[in-house]
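So the sequences go chain by chain: Z and D. Just so we're aligned, residue 898 is where the first sequence starts under the working numbering, counting upward by one. Just so we're aligned, residue 898 is where the second sequence starts under the working numbering, counting upward by one. Think of the CB as a built atom: it goes at the ideal place given N, C-alpha and C, for glycine as much as any other residue. Only one structure is covered here, and it is reproduced in the block below.
Number of protein chains: 2
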Amino acid sequence: MKRPTIADIARRAGVSKGAVSYALNGQPGVSEATRQRIVAIAQEIGFNPNSAARALSGASARAVGLTLSRPARILSIEPFFMGLISGFEAELAARSYALTLQVVATPEQEIDVYRRWWGERRIDGVIVTDLREDDVRIPVLQQLQLPAVVIGGPGDTGKIAQVWSDDAGAITETVRYLVALGHRRIARVGGLPDLLHTQTRTRAFNDVCTALGLNEAVTMPSDYTGEEGGRATRRLLIGADRPTAIIYDNDVMAVAGLAVAQEMGLAVPGDLSIVAWDDSPLCSLVHPPLTALSRDIAEYGAHAARELLAAIDGKQVNNVEAGTAHLTPRGSTAPPR
Amino acid sequence: MKRPTIADIARRAGVSKGAVSYALNGQPGVSEATRQRIVAIAQEIGFNPNSAARALSGASARAVGLTLSRPARILSIEPFFMGLISGFEAELAARSYALTLQVVATPEQEIDVYRRWWGERRIDGVIVTDLREDDVRIPVLQQLQLPAVVIGGPGDTGKIAQVWSDDAGAITETVRYLVALGHRRIARVGGLPDLLHTQTRTRAFNDVCTALGLNEAVTMPSDYTGEEGGRATRRLLIGADRPTAIIYDNDVMAVAGLAVAQEMGLAVPGDLSIVAWDDSPLCSLVHPPLTALSRDIAEYGAHAARELLAAIDGKQVNNVEAGTAHLTPRGSTAPPR
DNA sequence: GAAATTTACTGAACCGGATAAGTTGTGGAG
DNA sequence: CTCCACAACTTATCCGGTTCAGTAAATTTC
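Pasting the structure below:
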């Protein structure tokens, strides 16, 4: 089936291609009567402008790119990214931008994808997640002058906009809450250590523990997987002065930690309190339901999408903080026995 | 930064645009020496063909579309879709096709998205999930002559290819296994009732229960969410002759069911055996780990992607079955007390 | 009422590739 | 030595929009 073009509309309306273009784009240069006639014909024959032709004649591709850089076995379970994608989408769809997705294995491959997408003019901008220290992707994005928004910071990204949430504030609140419950030995199972927001959390965790006079702030590095989270938990719990509370950097590890505690015969929250970072249905599903640091991930994604669209439109964008996660107490936290 | 075009390469190589196009696409019409010179220049200046220009001159858009039609709160936790996406991607990336994603709320909106994508020539084909009975999307796809592959069947989709897995065989195997363990009262918490694969499962479940002489095959309809799965479980367990085993149509509901059983003071697997459909890290994370119907979801997605690419290439594709899920016994199933 | 301006268009160039058709130059057959 | 076939290009056109430079008619201005 031949898809209709503006030439078809022009023929039926008895005007030139140019007039049709003006009419459909709300440009001046056609009378209101003609415009309505053209729009009606376009509607009737189900016209959609060929995105390739549009992109070729200088306009934008009306698409943005996102790479997912974690291995499939983590992605498949990590609710965070799906929430983020939903949030982007809501914002992008409203301005009829498409979202192009690619799964990558390494930062180098990710850079290649950006290079290719930009070179092909397939996208107008990208959303970058998991900012690292001295991130190799940043200079490439700057060199390409590819509009971008970075999620996870704050860090040094030059003129590239950032969207982040106040992780330091959230972890401080959490530790204070646990201390108020009576906990003195609080440990943490962290995310990937080279991610900037993991470092932010670790630093804030150490600071607040010192400030409150707690002995030592142990952070077990991990990788967001359930297996690693479980292993880290086991290592924390076999010591003589085991912690009475553990904060996990994501929900998956927290659920795994809960399973390990139960397997070792520890009561939750009686013997061990558990806090998950990033609330998700997962946290309410398990028994006991997990106390979690909630934030609106979809809104976080929507925020990033808005910033990116602004950057694409050439507006100068600044680093924005998109709200602090707040503690949602559930059944997994209580005073230690 | 101006992105290089074939005209730039042509100038530097001292040949015409046409020669560059032939050289880069492996077409005959240039000598091997010239071809290598051109390829070297393209490499050096980091040339990527403008996808819009390419798509405009008759070639394909080198992109396929996927809509996600469940509400965000389910998508965010359902590991199935992420696994599927990973699988597509592996296959698409290998042939440098892009994946365009859109979250939709209703089948009607989904149809609109297909119409727009196809009209805009943004994509070459789509992957359709969650086939229903008399699915409204199928006639639209046929009318548009939009290459497509349907996941979840088998059903009547005319010439549109389908990829499905043998759900009937899997559920039969599961029921036989539970009966072999000594269970006589087996219930099921199903997925959305209007999905075709849910109906296939329900029918097979009823059939095998009848064949094995079990009293009644109760299927509680649900919607894949943890909340609904938990509610359905509670309803099943409050009866006098409560089931000793429950099969869940996805992992999220199974985890929720486990929590409900524990909350009601029932031992798993002592008082209640649990089987989850679709294995995921989630199933191994909880305590006890859940017996699950495992299948390689990523491979399932890769299979669908291959079929779609074949359909785009104009090859006649047939309905293919992509393997049966097999039972992975873990700690959540045992003989009833 | 003639000149100046505005309105409502048309025609053509352009974006960056793909490709059909035309143009050389070379080597081999006859 | 000529003719032909073929390789190795060049030239020109096309894809479907956007946009700029024209143009004729209508309207305003003094």
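Opening and closing residue of the beta strand (DSSP E) in which residue i lies
i       : result
D/I874  : Since the first residue shown for chain D is 898 and the last is 1234, residue 874 of chain D is missing from the structure and cannot be characterised.
Z/Q1059 : 1058-1061
Z/T1225 : 1223-1225
D/A1189 : 1188-1191
Residues bridged to residue i (per DSSP)
i       : result
Z/A1137 : Answer by DSSP bridge pairing: none, since Z/A1137 is not bridged.
Z/E1218 : Z/W1061
D/T1116 : D/R1085
D/I1144 : D/R1085, D/V1172
Z/T997  : Z/G962, D/T997
Z/V1046 : Z/I1024, Z/A1058
Residue range of the alpha helix (DSSP H) that includes residue i
i       : result
D/S948  : 948-953
Z/A987  : 976-991
D/G915  : 914-921
D/T1026 : No alpha helix (DSSP H) contains D/T1026, which DSSP labels as neither H nor E.
Z/A1207 : 1194-1209
D/V1105 : 1093-1108
D/T1122 : Element bounds for D/T1122: n/a, residue is neither H nor E.
D/T931  : 929-941
D/G1016 : 1004-1016
D/L1038 : 1034-1041
D/D905  : 903-910
D/S1181 : 1178-1182
Chain D contact residues for residue i, given Cβ-Cβ distances below 7 angstroms
i       : result
Z/E1160 : H1184
Z/A952  : A949
Z/N945  : R1013, G1016, E1017
Z/A1156 : L1182, V1183, H1184
Z/S1062 : None at all; the shortest Cβ gap to chain D is about 17 angstroms.
When the options are compared against residue i, the one with the closest alpha-carbon
i       : options                            : result
Z/S1229 : Z/S1170, Z/I1194, Z/V1214, Z/L1205 : Z/S1170
D/V1046 : D/I1209, D/A1222, D/T1225          : D/I1209
Z/V961  : Z/G1016, Z/V912, Z/L1206, Z/V1072  : Z/L1206
Z/Y1121 : Z/I1024, Z/E1070, Z/T1095, Z/P1004 : Z/T1095
D/L981  : D/P1233, D/M1161, D/L1179, D/I1194 : D/I1194
D/N1147 : D/L1155, D/T1054, D/P1140          : D/L1155
Z/R1203 : Z/I903, Z/R1081, Z/A991            : Z/A991
Z/A939  : Z/V1157, Z/A910, Z/R951, Z/E1218   : Z/A910
D/G1162 : D/L1134, D/M1150, D/A1142          : D/L1134
D/G1167 : D/G1016, D/H1080, D/T902, D/T1099  : D/H1080
Z/E1007 : Z/L963, Z/N945, Z/A1058            : Z/L963
D/V1165 : D/Y1145, D/A1231, D/M1150, D/E941  : D/A1231
D/A937  : D/P925, D/V1105, D/A907, D/A949    : D/A907
D/V1157 : D/P1185, D/C1180, D/H1184, D/R1128 : D/R1128
Z/T1257 : Z/Y919, Z/E941, Z/I942             : Not covered by the structure: residue 1257 of chain Z. The range shown for chain Z is 898 to 1234.
D/E1125 : D/D1138, D/L1089, D/V1037, D/Q1159 : D/L1089
Contact list for residue i against chain Z, beta-carbon separation under 7 angstroms
i       : result
D/S948  : E1017, R1018, R1019
D/S1170 : By Cβ distance, chain Z contributes nothing, its closest Cβ being about 17 angstroms from D/S1170, past 7 angstroms.
Cross-chain neighbours of residue i in chain Z, by beta carbon under 8 angstroms
i       : result
D/T997  : A960, A995, L996, T997, L998
D/A990  : Q999, V1000
D/E986  : L998, Q999, V1000
D/P1226 : By Cβ distance, chain Z contributes nothing, its closest Cβ being about 18 angstroms from D/P1226, past 8 angstroms.
D/S957  : Going along chain Z, no residue has its Cβ under 8 angstroms from D/S957, so there is no contact; the nearest lies around 10 angstroms.
Buried versus exposed call for residue i [16 or more other C-beta atoms within 10 Å across all chains shown]
i       : result
Z/S1119 : buried
Z/V927  : buried
Z/S954  : exposed
D/E988  : buried
D/S983  : buried
D/Q933  : exposed
D/V1172 : buried
D/G1136 : exposed
Z/D1009 : exposed
D/G1110 : exposed
D/S913  : exposed
Z/P946  : buried
D/A1002 : exposed
D/A1142 : buried
Z/S993  : exposed
Beta-carbon neighbours of residue i, restricted to chain D and to distances below 9 angstroms
i       : result
Z/G1222 : Note on residue identity: the sequence assigns Ala, not Gly, to residue 1222 of chain Z. Near Z/A1222 there are no residues of chain D at all, since even the closest Cβ is about 16 angstroms away, more than 9 angstroms.
Z/V1152 : V1152, L1179, L1182, V1183
Z/G1123 : P1178, L1179, S1181, L1182
Chain-ordered chain Z contacts of residue i [CB-CB under 9 angstroms]
i       : result
D/P1036 : Going along chain Z, no residue has its Cβ under 9 angstroms from D/P1036, so there is no contact; the nearest lies around 14 angstroms.
D/N1112 : The premise fails here: D/N1112 is roughly 30 angstroms from chain Z at the closest Cβ pair, so nothing lies under 9 angstroms.
Proximal chain D residues relative to residue i, where beta-carbon distance stays under 8 angstroms
i      : result
Z/R900 : W1015, G1016, R1018
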